[in-house]
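Step one of this worksheet: look at the structure below.
Residue numbers (our numbering): 687 to 1012.
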C-alpha cells in the first residue's frame, strides 16, 4: 500500500467491507487514512450524493464492497431490487471515482457471474460463455456489468489517465459480520441460525431446501479481504503479467468444495444439534457446482489460511455474540 494513500471503503459495515477494514488496519494503514460513510450519510444509489462525496473527500483508492446481497430466497423474491441497486451502486461509484481522479479501484464481485453449467473448476475466461443460474441471474448480471465497467474504464482511460480498476470474484463467503436473517441470508449463516434455533427448541429434525447434493466452495471472509488488499497493491507490471488482455477480474476461492449436506452436518455438529437433517426436494438447488480455479490469485502470491471447520467455529461464535442468543 502506498504510504499516504487515502482509501475509501464503500460498504464498510457489511461483512466484506468490515473485513477489508480489519485487514487494512492490521497491515499498518493509519485509521485516519481510511474514509467511510454509513448509509444514513451517503446513499450510493443517489448519483448526485456520490459525486459530491467524492468531490469532497478526494480518495486515492476505492474498495467497492457495498452491494445488496442475499441467499436464494432473497434473490428469488426481490430480483428487481438486486439488479437495480447493484447496478446503480457500481455505476455511481466507478464514475464518481474516475471524475475525482481515483487511479486505483477494487470491485468485489461473486462467483455467481459464471454460467450455471460452466466447466469445473471455473476459470476467469468462462465469463459470458453460457446461461446463468436463473435464481440469482439479476444479481449476477449486475456484477458482470461491474466487471465490464472496470474493464471499459481501463481500456479507455488506462493510458491517458493511468486508471487501474481491478476486480476479485470470491467464492461463497462467510464469517464475522455476516447477516443471519432468517429468510434473506446466504447458506452458511442461514444454516447456523436454523441449527441453533432447532437445538434451543429441542427439535428432532431440521428440513433444508433442495437435495443437499450441490457442491459449494466456501471462503472465510478475512481470507477474501487479504486477497483483495494484496491484489490491489500489486505493482501494475506484476498484475498484468498474469492477466489476459483487457481482463480485470480474478477468482479468489478456497480451492475445494463440499456438498450442502456435508457443510450442514459440520454446522450441526459445531452448534450441538443432535437431530436429523432432512431435505425438501420441491425447493430449488441452484447451481449444481461452483468450484473456481484460483490459480491466477495464487500465482500472484495469495493463498487462504482459514479452513472450513475453523471458519465455521468463528462464524458460530460471531452469531452468538451478535444475536445475543444462548
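Just so it is clear, CB atoms sit at the ideal spot from N, CA and C, and this is done for glycine as well.
The structure displayed is predicted, hence computed values, not measured ones.
Residue i in three-state terms, based on DSSP
i	result
residue 727	coil
residue 964	strand
residue 853	strand
residue 925	helix
residue 704	helix
residue 975	strand
residue 991	coil
residue 866	coil
residue 906	strand
residue 986	coil
residue 1007	helix
residue 732	coil
residue 875	helix
Close-in-space but distant-in-sequence residues of the same chain around residue i (CB under 6 Å, 5 per side omitted)
i	result
residue 967	897
residue 867	none
residue 869	759
residue 828	769, 772 and 773
residue 739	728
residue 782	736, 737 and 740
Identified DSSP bridge partners for residue i
i	result
residue 891	962
residue 657	Look at the range of the chain in this structure, 687 to 1012, and you will see that residue 657 is not part of it.
residue 955	None; residue 955 has no bridge partner.
residue 747	693 and 790
residue 937	855
residue 885	Its beta-bridge partners do not exist; DSSP assigns none.
residue 917	Beta-bridge pairing links residue 917 to no other residue.
residue 720	693
Distance between beta carbons of residue j and residue i, contact taken as under 8 Å
i	j	result
residue 835	residue 776	6 Å
residue 796	residue 856	7 Å
residue 804	residue 815	7 Å
residue 747	residue 788	7 Å
Cutoff 7 Å; reference residue i; Cβ partners in own chain excluding five residues on either side
i	result
residue 934	833, 836, 837, 840, 851, 852 and 853
residue 751	695, 696, 697, 700, 702, 703, 706 and 794
residue 940	857, 903, 904, 905 and 990
residue 914	706, 749, 792, 794 and 854
Closer than 8 Å to chain B by CB, residue i
i	result
residue 951	The displayed structure is made up of one protein chain only, and chain B is not part of it.
Cut-off 8 Å between Cβ atoms - residues of its own chain near residue i, not counting five sequence neighbours on either side
i	result
residue 848	789
Which ranges does the beta strand (DSSP E) cover as unbroken runs of at least 3 residues, wholly within the stretch 781-861, from first to last along the chain? You should have 790-794, 850-856 and 858-860.
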